[in-house]
Every structure is written in structure tokens, then in C-alpha cells.
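Report on the following structure.
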Amino acid sequence: MNRTQGEQPGRAAQIVRTSALVIGANIALAGTKAAVGLLSNSIAIVMDAVNNLSDALSSVITILGTRLSAKPADHKHPYGHGRIEYLTAAIISLLVLYAGGAALVESVKKIITPETPDYSPVSIALIAAAVAVKLLLGRHVKKRGRELRSEALVDSGEDARLDAVISASTLAAAVIYLIWGLSLEAWLGAAIALIIVWSGVKMLRGTLSEVLGERVGGEISTAIKQTIGEHGEVLGAYDLIIHDYGPELKLGSVHIEVRDTMTAAEIDALTRAIQEEVLTRHQVILTAVGIYAQNTSQDEAALIRDDVRHIVMGHEWLLQLHGFYLNREERTMRFDIIVDFAAPDRRAVYLHILQEIQEKYPDYRVCITLDEDVSD
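In the working numbering, the protein residues as written are 390 to 765.
See the structure below:
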């Protein structure tokens, strides 16, 4: 089963256009805020301007990352270059952290040696306009990011929303100074810097989690297994694994349980049909569909299966038993179990169950596989 790997037509171009809009808006806002901040002697507004410049640079990196990730697959990278987008998001997070750290240093300096701000009606109006622009920009960019499955754009949109909150706080500080003569500039600048740093930490943490490989989420896992289960020959779907090679390429594997009376030709036709449907409906390429055989012609096997299930699932930390098969001729039984990652000693739980089942059925050789809890 083949599929052209890389970007869908137009996706990269749409990300670039959206990023270009962000760059233009942030450069304009940065220039305006810098002028207002310097003229009014406001460190908070100057830090806000620096934040806008870092956002513009982030968008430049997003464009570069999108261009690089759109490169087609080659001999060295047969799964394409889609993961570059995640590296791009990580770089953006580090830039946000740097901008926040630099802003914090400057704000602390102003706390130690404070200066009196001097606001004008024009500066107040410009800050208010910046708040509105950032709110609209953030909403648009975040929406486009979700539509295009671009983590970098989603991060940019969220950052723009945060910028609107920051600008609103500088506006509030200006109003407080004009009404009560109370200068909160330096302290507000420090608070803004801490907010920026925390935003960078969250963005970096989320990106690194994706790079490391996250558990298959309940929504996509349930949907794929439901699609597989629509085939009457499938008695169960287990061990779903999805490997993420970028927003446009996801490879996966799954085990299905079928009756032991099915022929190889019937299983071949079934697995091919499952692969096609999962790709069409969920944009996931199932590179492998493993098979568990279920006893269908032996009453003894069904009775033993139910008894073993009752014993195994009675243990603490047990999440699932699947793939049970009894071979009377070879006197073997085999099945898989999933033990919760929260268990203090998963291996000890496994060994205890193996010993218990073996003692209960001494005439059989018991083979148990300890599976990982990789999907819901």
C-alpha cells in the first residue's frame, strides 16, 4: 500500500502566508510600541515591543521549518522531513524563553533604579489599538494552525493572545498612573517577563512530549478501533501504535483477533480492507496488521479462557487481557496482558500471574506476553 509522502497541495503555502501576516503585524506593532515606550519612558511598553519582535522572528522560523519539512522523502529519510516542524516549534519555544529572560533582567534593573513614565493620550490610544489587533490576530492564526495541523502556528496564535493580555496590562498600568499617580511600570514589566517565560516553558514541554512520542489519544484510538470493528470478521482490535512523522504522515500497527478457522486468503483480504479504510478515514497508514487467533471449535478452550480471564483481571493494576489461544494438541495456552504503568513493579505482577495460571493448569505450558499500555 503506497501513499505519496510529504505535504498536501497548498498546505505549506497557506502556513507561509499566515506566518507572513504574523510577521508584518508584529513588526508594525513592535515599531509602534517601541516608539511609544521610549517617548513615555515606559519599560513595560518597551518590553512588550521586544516580545512582538520575538514573535516576528518566531514566524520567520516557522516559514523556514515549513519549507524544509515539505522536502520529499529520500534514501536517507524514507519517511520524509515532516518532523522538522516539531523542531521548529521547539526553537520558537526557546526564543520565547530567551525573550522572557531578557525582559526580566531589564525590568529588575528598572525596579532597582526606577524612572517616572510620561504618558500621552496618543500613546494610550495606540496601546488600546494594539490590544485589539493582537486579539484578532491570535484568534485567526490559532484557527488556521488547527486547520492546517501546524503546531508552530497554533503556538504563534496562543502567543498572540497572550500578547493581547500583556498589552492590556500595560494599558491598565498607564491608566492607574494617570489617575492616581502610582507607577507600576517596573513591577509590571517583571510580571510580563515571567508570563512570557512560563508560556515558553509550556510550549517547549508540549513540543518535546510530541518528539518523544505520546500515547495514542482516546479520540483517535477509539475512532480507528471502531472502523476496524465494523468488519464482522474482527472479534477485537488491540495494541494500536501510531508513529508520528509530522502533521502529514502517521504510520501505525494494530493486532486484530479473528476466528481460527479463517484461511490465509481471507485474512489477507480482511487486513487489506482495514488498511485502506483506516487510511481513508483517519489518514493513518497501517504498515502492519497482526493476527490473534481465537478458538471457535473447542468448548473446553472457551471455558478455560473465561476462567483465566476471571483470575487475571482480579489482580490489581491489570488493565486488559487479550489474544487468548489454547492449543490442546501441543498443550499450550498463550495470551497477552496489559499492566498499568502506575503499578509499583509491573514485572512482579506479570510473574505472579504467570505462576498462578501455571499452577492452576499444570498440564499446559503457559505463555504470557507483557504488553505496553500504548493506547486507549
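The C-beta atom is built at its ideal place from N, Cα and C for all residues, glycine as well.
Are the region 548-568 and the region 582-598 touching, with three or more C-beta to C-beta distances below 8 Å? yes
Bridge partners for Arg723 per DSSP, in chain order? Tyr714 and Cys756
Cβ shell of Met390 (< 6 Å), same chain only, five flanking positions each side left out: In this prediction, Met390 scores a pLDDT of 45, lower than 50, which makes its location untrustworthy; the coordinate-derived value is nonetheless stated afterwards. Within the same chain, Met390 has close Cβ partners Gln664.
Using the DSSP secondary-structure output, state which residues sit across from Glu646 in a beta bridge. Gly625 and Tyr681
Check whether the region 602-615 and the region 528-538 touch, using three or more Cβ-Cβ pairs below 8 Å as the test. no
Which partner residues does Val728 have in the DSSP bridge list? Leu707
Alpha carbon to alpha carbon, how far is Thr685 from Thr650? Give it in angstroms, no decimals. 7 Å
Using the Cα positions of Ile473 and Pro510, report the straight-line distance between them to the nearest angstrom. 46 Å
What are the boundary residues of the alpha helix (DSSP H) that Thr611 is part of? Gly607 to Gly618
Given 8 Å, three or more beta-carbon pairs between the region 433-443 and the region 489-502: yes
Taking only the alpha-carbon atoms, compute the straight-line gap between Val643 and Pro467 and give it to the nearest angstrom. 22 Å
Would you check if the distance between the CB atom of Phe805 and the CB atom of His711 is smaller than 8 Å? Outside the displayed range of the chain (390 to 765) lies residue 805, so it cannot be described from this structure.
Taking only the alpha-carbon atoms, compute the straight-line gap between Arg528 and Val497 and give it to the nearest angstrom. 32 Å
Sub-8 Å separation of Val647 and Glu666 beta-carbons: no
Sorted by chain position, which residues of the same chain lie with C-beta nearer than 6 Å to Ser408's C-beta, five sequence neighbours on each side aside? Ser448, Thr451 and Ile452
Verify whether the separation of the beta carbon atoms of Ile727 and Tyr739 is less than 8 Å. no
Tell me the rounded alpha-carbon separation between Ala401 and Thr421. 30 Å
For the alpha helix (DSSP H) containing Asn415, name the first residue and the last one. Arg400 to Ser429
When the Cα atoms are used, what is the spatial distance from Leu708 to Ala732? 11 Å
For Arg661, which residues of its own chain have a beta-carbon under 7 Å away from its beta-carbon, when the five flanking residues on both sides are left out? none
His688 classed as buried or exposed, judged by whether at least 16 other C-beta atoms fall within 10 angstroms: Here residue 688 is Asp; the residue named in the question, His, does not match the sequence. Classification for Asp688: exposed.
Beta-carbon proximity list for Asn415, same chain, < 8 Å, skipping 5 on both sides: Asn441, Leu442, Asp444, Ala445 and Ser448
Check each candidate in Asp752, Leu577, His671 and Ile680 and name the one with the smallest Cα separation from Ile645. Ile680
I need the DSSP call for Gly641, collapsed to helix, strand or coil. strand
Would you kindly report the start and end of the unbroken alpha helix (DSSP H) that includes Pro510? Pro510 to Leu537
Beta carbon of Val673, beta carbon of Ile631: below 8 Å? yes
Keeping to the same chain, check which residues put their C-beta closer than 6 Å to that of Tyr627; ignore five residues upstream and five downstream. His644 and His711
Excluding sequence positions up to five away, which residues of its chain have a Cβ less than 7 Å from the Cβ of Arg670? Thr616
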